[in-house]
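K.L.:
Going line by line, the protein sequences match chains A and B. Using our numbering, read the first sequence as starting at 1 and increasing by one per residue. Using our numbering, read the second sequence as starting at 1001 and increasing by one per residue.
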Amino acid sequence: MIPSREEMYRALEERHGKELQKKLSEAAVAVCGLGGLGSNIAVSLARAGVGELLLIDFDTVDISNLNRQQYFPEQLGLPKTEALSETLRKIAPYCNIRSAQVKLNEENAPELLADVPFICEAFDRADQKEMLVGCILEKMPEKYLVAASGMAGIGSANTIRTRRITDRLYICGDGESDSAAGLGLVSARVMVCAAHQANMIIRLIAGEFTA
Amino acid sequence: MITINGKEYELSGKTVTEVLEALGYGGQHVAVELNESIVPRAEYDKTVVYSGDHMEVVRFVGGG
Chain A
1 MIPSREEMYR ALEERHGKEL QKKLSEAAVA VCGLGGLGSN IAVSLARAGV
51 GELLLIDFDT VDISNLNRQQ YFPEQLGLPK TEALSETLRK IAPYCNIRSA
101 QVKLNEENAP ELLADVPFIC EAFDRADQKE MLVGCILEKM PEKYLVAASG
151 MAGIGSANTI RTRRITDRLY ICGDGESDSA AGLGLVSARV MVCAAHQANM
201 IIRLIAGEFT A
Chain B
1001 MITINGKEYE LSGKTVTEVL EALGYGGQHV AVELNESIVP RAEYDKTVVY
1051 SGDHMEVVRF VGGG
């Protein structure tokens, strides 16, 4: 037997306070890319009681994802949108989870992201990060965007930080550690960066705008 | 002097494309903010920076 919606909400209110929980439960956040960053961001936000999550990814779960992404071996081959929705429903049964199994591009992003004010860029490839960040800043300047750059390897977790670039754009990461340069992506450091992104989103929802 | 990522450079009169190349960002994946506004990629060749401008270059590396 899972707890009722009211019981879950009261437990969240006790932890986070009434005012913050109201804001979280009324918020909608899009997570673009459901890999090491996105799957961990989504889990954090679902646990925090964010009311609505929009999950976007075109890919399926692969064995190479299991070192850092929130999937299970029995989910191999499933679309990431479906596998993660399943997990999030267990974590937060009353969260409104929407998903789109699609490759985001400059043409479809404005429509897909239209009714979501907070967006996490959680792609893997640098060219895709550049595309999405550029597209959102140019075509949807009213959105709050939290992106990531630099979290590969096992360097100090203390070099990963959140920077405010404009009043709508925040970047998390060390800005340097490039997976394309041969550094592996390791669970703990990717999760540190994902947690920076999730925390910045929670701060923005709460009306806190400093990094 | 223009300020880029907190440091001062003698690059007044250059385009954003020229500034990016001068600072070693040529061919890299970036987002550029100039005086609190984002510069669209298509404008990099046409946008000129002037003394007193503040520019922020965000470089994207792989991993996620």
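Backbone N, C-alpha and C fix where the C-beta goes; we use that ideal spot for every residue, glycine too.
Around the C-beta of residue 89 of chain A, are 16 or more other C-beta atoms found within 10 angstroms, so that it is buried, or is it exposed?
P.N.:
Residue 89 of chain A sits at position 89 when you count from the first residue of the first sequence. With fewer than 16 Cβ atoms within 10 Å of its Cβ, residue 89 of chain A is classed as exposed.
K.L.:
Helix, strand or coil: which one does DSSP assign to residue 1007 of chain B?
P.N.:
Position 7 of the second sequence, counted from the start, is the residue given in the question as residue 1007 of chain B. Residue 1007 of chain B: strand per DSSP, three-state reduction.
K.L.:
Using alpha carbons as the reference points, say which of A/86, A/157, A/47 lies closest to residue 24 of chain A.
P.N.:
Position 24 of the first sequence, counted from the start, is the residue given in the question as residue 24 of chain A. Nearest of A/86, A/157, A/47 to residue 24 of chain A, Cα basis: A/47.
K.L.:
Indicate whether residue 1016 of chain B and residue 1039 of chain B have their beta-carbon atoms separated by less than 8 Å.
P.N.:
Within the second sequence, the letter at position 16 stands for residue 1016 of chain B. Within the second sequence, the letter at position 39 stands for residue 1039 of chain B. Cβ atoms of residue 1016 of chain B and residue 1039 of chain B: closer than 8 Å.
K.L.:
Note down the Cα distance separating residue 192 of chain A from residue 181 of chain A, rounded to an integer number of angstroms.
P.N.:
Along the first sequence, read from residue 1 onward, the residue named residue 192 of chain A stands at position 192. Along the first sequence, read from residue 1 onward, the residue named residue 181 of chain A stands at position 181. Distance between the alpha carbons of residue 192 of chain A and residue 181 of chain A: 20 Å.
K.L.:
Below 8 Å, can you find three or more Cβ-Cβ pairs linking the stretch 139-146 of chain A to the stretch 108-120 of chain A?
P.N.:
Result yes; three or more Cβ-Cβ pairs closer than 8 Å.
K.L.:
List the residues of chain B whose Cβ lies closer than 8 Å to the Cβ of residue 209 of chain A, in chain order.
P.N.:
Sequence index remark: in the first sequence, residue 209 of chain A carries index 209 (1-based). Correct list: empty, because the minimum Cβ distance to chain B is about 14 Å.
K.L.:
Out of A/131, A/124, A/138, A/140, which one is the CA nearest neighbour of residue 173 of chain A?
P.N.:
For the purposes of this step, residue 173 of chain A is taken as the residue at position 173 of the first sequence. Nearest of A/131, A/124, A/138, A/140 to residue 173 of chain A, Cα basis: A/124.
K.L.:
Where does residue 196 of chain A fall in DSSP's three states?
P.N.:
For the purposes of this step, residue 196 of chain A is taken as residue 196 along the first sequence, with counting starting at 1. Helix, per DSSP.
K.L.:
Taking residue 45 of chain A as the reference, which of A/6, A/134, A/30 has the closest Cα?
P.N.:
For the purposes of this step, residue 45 of chain A is identified with residue 45 of the first sequence, where counting begins at 1. Of the candidates A/6, A/134, A/30, the one whose C-alpha sits nearest the C-alpha of residue 45 of chain A is A/30.
K.L.:
Where does residue 144 of chain A fall in DSSP's three states?
P.N.:
Numbered from 1 along the first sequence, position 144 holds the residue referred to as residue 144 of chain A. It is a strand residue.
K.L.:
Which whole-angstrom value describes the C-beta separation of residue 126 of chain A and residue 1029 of chain B, a residue pair presumed to lie in contact below a C-beta threshold of 8 Å?
P.N.:
In the first sequence, counting from the first residue as 1, residue 126 of chain A sits at position 126. In the second sequence, counting from the first residue as 1, residue 1029 of chain B sits at position 29. At roughly 4 Å, the Cβ-Cβ gap stays under 8 Å, so residue 126 of chain A and residue 1029 of chain B are in contact.
K.L.:
Among A/100, A/170, A/159, A/175, which residue has its Cα nearest to the Cα of residue 133 of chain A?
P.N.:
Locating residue 133 of chain A in the first sequence gives position 133, where the first residue counts as 1. Of A/100, A/170, A/159, A/175, the residue nearest in Cα terms is A/170.
K.L.:
Any idea which residues DSSP pairs residue 1055 of chain B with across the strands?
P.N.:
Locating residue 1055 of chain B in the second sequence gives position 55, where the first residue counts as 1. Answer is B/1004, B/1034.
K.L.:
Give the DSSP-derived three-state secondary structure of residue 48 of chain A in the structure shown.
P.N.:
Counted from its first residue, the first sequence places residue 48 of chain A at position 48. Here residue 48 of chain A sits in coil by DSSP.
K.L.:
So what's residue 60 of chain A in DSSP terms, helix, strand or just coil?
P.N.:
Here residue 60 of chain A is taken as the residue at index 60 of the first sequence, counted from 1. Three-state result, residue 60 of chain A: strand.
K.L.:
Which residues bound the alpha helix (DSSP H) around residue 83 of chain A?
P.N.:
Within the first sequence, residue 83 of chain A is the residue found at index 83, counting from 1. Counting along the chain, the alpha helix (DSSP H) containing residue 83 of chain A begins and ends at 80-91.
K.L.:
I need the DSSP call for residue 106 of chain A, collapsed to helix, strand or coil.
P.N.:
As a first step, residue 106 of chain A is located in the first sequence; it is residue number 106 there, counting from the start. The answer is coil: DSSP assigns residue 106 of chain A none of H, G, I, E or B.
K.L.:
Just to make sure I have the definition right: I need the residues of chain B whose C-beta is within less than 7 Å of the C-beta of residue 138 of chain A. Which are they?
P.N.:
Residue mapping note: residue 138 of chain A aligns to position 138 of the first sequence, counting from 1. Chain B residues near residue 138 of chain A: 1038, 1040.
K.L.:
Report back the beta-carbon spacing between residue 52 of chain A and residue 105 of chain A to the nearest angstrom; my notes put them in contact at under 8 Å.
P.N.:
Looking up residue 52 of chain A in the first sequence gives position 52. Looking up residue 105 of chain A in the first sequence gives position 105. About 23 Å separates the two Cβ atoms, so there is no contact after all.
K.L.:
Which residues in chain A have a C-beta closer than 8 Å to the C-beta of residue 1030 of chain B? List them in chain order.
P.N.:
Here residue 1030 of chain B refers to the residue found at position 30 of the second sequence. Result: 130.
K.L.:
Taking residue 162 of chain A as part of the beta strand (DSSP E), name the residues at either end of that continuous run.
P.N.:
As a position in the first sequence, residue 162 of chain A is number 162, starting the count at 1. Residues 161-164.
K.L.:
Roughly how many angstroms lie between the CA atoms of residue 13 of chain A and residue 76 of chain A, to the nearest whole one?
P.N.:
Counting from 1 along the first sequence, the entry for residue 13 of chain A is found at position 13. Counting from 1 along the first sequence, the entry for residue 76 of chain A is found at position 76. So the two alpha carbons sit approximately 36 Å from each other.
K.L.:
Quick one, which residues of the stretch 149-170 of chain A are near chain B if we go by CB-CB under 7 Å, in chain order?
P.N.:
Answer in chain order: 149, 150, 151, 152, 165, 166.
K.L.:
Going by beta carbon distance, what residues of the same chain come within less than 7 Å of residue 59 of chain A, once the five residues before and after it are set aside?
P.N.:
Taking the first residue of the first sequence as 1, we reach residue 59 of chain A at position 59. Only 80 meet the Cβ criterion.
K.L.:
Apart from the five residues just before and just after residue 5 of chain A, which ones in its own chain have a Cβ nearer than 6 Å to its Cβ?
P.N.:
As a working note, residue 5 of chain A is residue 5 in the first sequence. Contacts found: 94.
K.L.:
Looking at the C-beta of residue 185 of chain A, does it have a partner C-beta in chain B at a distance below 8 Å?
P.N.:
Translated into positions along the first sequence, residue 185 of chain A becomes position 185. For residue 185 of chain A, the answer is yes, since a Cβ of chain B falls inside 8 Å of its Cβ.
K.L.:
Could you have a look at residue 136 of chain A and say whether DSSP puts it in helix, strand or coil?
P.N.:
One-based indexing of the first sequence puts residue 136 of chain A at position 136. Helix.
K.L.:
Under 8 Å, Cβ to Cβ, is there at least one residue of chain B near residue 45 of chain A?
P.N.:
Within the first sequence, the letter at position 45 stands for residue 45 of chain A. No, residue 45 of chain A lies away from the interface with chain B (no Cβ there is under 8 Å from its Cβ).
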